[in-house]
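Taking it in order: structure first as structure tokens, then the write-up.
Chains as they are written, first to last, in my numbering: chain A, 12 to 89; chain B, 126 to 803.
Here's what the structure looks like:
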């Protein structure tokens with residue numbers, strides 16, 4: 012091969028996938044729980060849309076990456 | 126012997142007649158040619174007598190194809206001798222050394238040619254000829270030359286080979302042209318190593334055997350090197366898998382020693398010399414033929430190259446006849462099942478992981494895997510021993526680390542991976558290699574060291590929107606030597622890596638947004654019904670109460686701050702800071718009580734709140750009292766500090782207030798809890 016060729020590897024080392032999956036899913040589920048607790052307890056007039064959206068976004072980011080790493084650590088390379 | 130002659134002789138008559146009636150050429154001119162080239166006359170005469178020998182020796186096996194071929198070549202040689210004007214005779218092969226390796230199911234012919242330019246014009250091309258019936262099974266052809274002499278000796282260069290159709294050449298031959306690196310001047314010579322590999326050339330004979338029989342195969346070729354050039358000295362050696370030969374064509378200078386048969390040396394043979402030989406020998410090597418092999422190589426930039434290989438395997442040797450006894454096979458597999466093969470070994474790249482071996486009904490447990498830092502070996506056993514004509518299909522798959530196969534150069538990425546099958550013994554009739562690139566890659570180009578058919582398609586896989594681009598390469602007749610590396614170049618933006626997580630994130634986000642919309646939407650049908658109005662009012666009351674609670678909680682936080690400032694005071698003695706804290710708290714509390722007023726007014730006016738109102742009022746009153754006491758305590762302590770009274774004095778003065786404060790705080794907390802429960 013050309014001498015200038017340099018190998019490409021994964022942006023995150025493979026060995027971290029299970030740990031990352033567990034922690035990100037854990038954080039994601041906790042934030043999800045807080046989201047639903049907020050939804051259920053606050054009355055309709057006091058609910059703030061911004062707070063709901065931020066909690067939802069944070070939860071979905073953590074759950075999204077968590078499930079990605081879960082897939083990767085299971086051997087489903089997407 | 127007589128039958129052979131009878132069959133051979135009549136074939137001459139039509140040829141002669143066709144020659145004399147040939148409309149294209151002047152017969153006289155042809156005869157001239159005939160006389161002008163003594164070599165050609167030689168060709169006609171010498172191999173002819175040898176031919177009869179060969180045919181008779183084979184005819185005892187009543188193998189009709191051999192006879193037919195012999196006759197056809199007689200015809201063709203005669204026509205060659207007459208029609209062929211030796212334009213290319215400038216080149217002379219001063220030495221030809223052929224070695225035919227029959228130890229596996231494919232035939233490997235290595236010819237060492239010493240090419241000499243006897244003419245005056247420089248020559249840059251060497252022609253190779255193969256009979257058509259061999260050429261159609263030609264899987265691999267390469268020519269290597271030792272470049273330079275002395276110092277640089279040992280560095281080998283492979284020469285470009287291409288199919289050509291030279292004009293005026295005899296039929297039934299396929300031509301390949303080798304382009305020399307530099308022109309061959311007058312009197313110069315060059316040595317070439319030509320490797321040709323043929324598949325499906327060994328014919329099982331008999332074509333059907335029982336379980337107990339060993340497999341016999343026939344190999345046919347020419348004892349002389351078929352070439353458009355004059356060959357000065359040539360020899361042929363044939364290597365067999367075992368020293369068990371049923372029969373072989375005996376010519377002059379034929380020697381057999383163990384598992385090797387030698388023909389030659391023969392000297393000064395004219396161009397297109399041909400003498401068929403046939404060797405009938407025992408070969409129990411695995412005749413594993415993959416009729417179709419689909420290799421799918423899927424790249425994931427998250428760190429994996431997944432290879433999946435679907436095999437459609439058949440035993441390509443002599444057909445099995447009669448019944449199969451598993452008991453006999455188990456008891457003496459080498460006697461009762463010599464022609465069968467039990468297992469195959471795949472040499473996988475090092476660090477292969479997640480290896481599996483399965484077929485349509487599930488995992489096949491008869492496989493073994495072992496490996497070291499250089500390779501991983503997977504030994505697979507089909508569900509049953511493979512006898513002639515038996516088929517099986519299975520799938521093996523494995524994952525490979527990305528950094529071993531994917532590289533970056535000049536802004537492009539490329540995959541560098543082997544083309545062929547990891548099992549050495551297998552001959553592949555039709556190999557399809559699919560390279561699945563990640564979604565979002567473009568500008569795809571492929572470089573394969575040999576010609577292949579290629580096209581592109583798309584594949585929808587996990588978390589795909591538009592499908593991944595797939596490069597499909599197809600090649601027929603693949604042998605072990607094709608297991609070379611090939612490259613797929615493509616462009617890929619690293620940001621495209623985030624497609625998959627973004628998809629998952631948007632999925633979850635959609636769920637949350639749905640929840641939010643559901644909670645905010647008012648799904649009541651009848652907006653004027655009493656219960657609905659009551660519910661709305663109750664909602665409002667609830668909201669007001671929550672706000673009240675909120676305010677009280679904030680008041681309590683301010684109280685805590687005041688207490689903290691007192692503690693600071695006792696530690697540092699900074700009266701000014703404490704006063705400032707008091708001032709801030711005062712203004713803040715005032716604001717809060719202002720906020721509280723409209724809420725309380727609303728609650729008092731609302732009939733729905735009648736039940737809870739006393740509690741709320743009680744709470745507010747208690748809080749106010751608590752607030753007053755606390756202020757009193759605060760000012761007393763500050764006073765004492767200003768007067769520089771002792772610690773005990775202060776404690777005495779404050780203790781009664783402190784008791785009240787604690788009791789009130791307890792009550793407020795209780796009330797808050799009660800309201801919360803409502």
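We treat Cβ as the ideally placed atom computed from N, Cα and C, and that holds for glycine.
This one's a predicted model, so the numbers in the text were calculated from it and none came from an experiment.
- Taking C-beta atoms as the reference points, residue 470 of chain B and residue 552 of chain B fail to come closer than 7 Å.
- Straight across, the Cα-Cα distance linking residue 442 of chain B with residue 614 of chain B is about 40 Å.
- Pairing residue 303 of chain B with residue 286 of chain B gives a Cβ-Cβ distance under 7 Å.
- If you draw a 10 Å sphere on the C-beta of residue 78 of chain A, you find 16 or more other C-beta atoms in it, and that means buried.
- Check the Cα spacing between residue 56 of chain A and each of B:259, B:563, B:645, B:781: the tightest is with B:645.
- DSSP places residue 515 of chain B in the coil class of the three-state scheme, outside both helix and strand.
- Between residue 598 of chain B and residue 573 of chain B a beta carbon distance of about 6 Å is seen, short of the 8 Å cut, so the two are scored as contacting.
- Put simply, the segment 379-391 of chain B does not touch the segment 407-421 of chain B. Fewer than three CB pairs are less than 8 Å apart.
- Apart from sequence neighbours up to five positions away, the residues of its chain that approach residue 509 of chain B with a beta-carbon distance below 8 Å are 515, 517, ordered along the chain.
- Counted as a single uninterrupted DSSP element, the beta strand (DSSP E) harbouring residue 403 of chain B occupies residues 401-407.
- Using beta-carbon distances, residue 20 of chain A counts as an interface residue toward chain B, with a partner under 7 Å.
- The beta-bridge partner set that DSSP reports for residue 484 of chain B consists of B:487.
- Within the same chain, Cβ atoms closer than 6 Å to the Cβ of residue 269 of chain B are found at 281, 283, 318, the five residues on either side in sequence being excluded.
- In the DSSP assignment, residue 46 of chain A falls within the unbroken alpha helix (DSSP H) covering 28-52.
- Runs of the beta strand (DSSP E) lying entirely within the segment 367-432 of chain B and spanning at least 3 residues, in chain order: 370-373, 379-382, 385-394, 401-407, 413-425.
- Closest option to residue 600 of chain B, judged by alpha-carbon separation, among B:620, B:622, B:589, B:577: B:577.
- Within the same chain, 254, 255, 256, 298, 397, 398, 399 come within 8 Å of residue 351 of chain B by CB-CB distance, once the 5 residues on both sides are set aside.
- Residue 705 of chain B places its beta carbon 7 Å or farther from that of residue 683 of chain B.
- Not flagged as an interface residue toward chain A: residue 440 of chain B, since no C-beta distance is shorter than 7 Å.
- Under the 7 Å criterion on CB atoms, residue 76 of chain A is classed as interfacial with respect to chain B.
- For residue 629 of chain B, the chain A residues whose Cβ falls inside 8 Å of its Cβ are 74, 75, 76, 78, 79, in order along the chain.
- Between residue 670 of chain B and the set B:798, B:390, B:757, B:789, the nearest pair of CA atoms involves B:798.
- The CB of residue 638 of chain B comes closer than 7 Å to the CB of 67 in chain A, given here in chain order.
- In this structure, the alpha-carbon of residue 33 of chain A lies about 50 Å from that of residue 746 of chain B.
- For residue 615 of chain B, the enclosing beta strand (DSSP E) has its first and last residue at 610-616.
- An exposed status is given to residue 585 of chain B, since fewer than 16 other beta-carbon atoms sit within 10 Å of its beta-carbon.
- Under the three-pair Cβ rule at 8 Å, the segment 531-538 of chain B does not count as touching the segment 450-468 of chain B.
- Using a CB distance cut-off of 7 Å, residue 626 of chain B counts as an interface residue toward chain A.
- Using a CB distance cut-off of 7 Å, residue 488 of chain B does not count as an interface residue toward chain A.
- Going by DSSP, residue 739 of chain B is part of the alpha helix (DSSP H) stretching over 738-767.
- Under the DSSP assignment, residue 695 of chain B falls in the alpha helix (DSSP H) whose first and last residues are 655-697.
- By the neighbour-count definition (other C-beta atoms within 10 Å, threshold 16), residue 495 of chain B is an exposed residue.
- Look at the segment 667-679 of chain B: the residues with a C-beta under 8 Å from a C-beta of chain A are 667, 668, 671, 672.
- 530, 531, 532, 533, 534, 535, 538, 539, 541: these are the residues of the segment 530-551 of chain B whose beta carbon lies less than 9 Å from some beta carbon of chain A, given in chain order.
- With respect to chain A, the C-beta atom of residue 641 of chain B has a partner C-beta closer than 7 Å.
- Pairing residue 58 of chain A with residue 780 of chain B, the inter-Cα distance amounts to about 43 Å.
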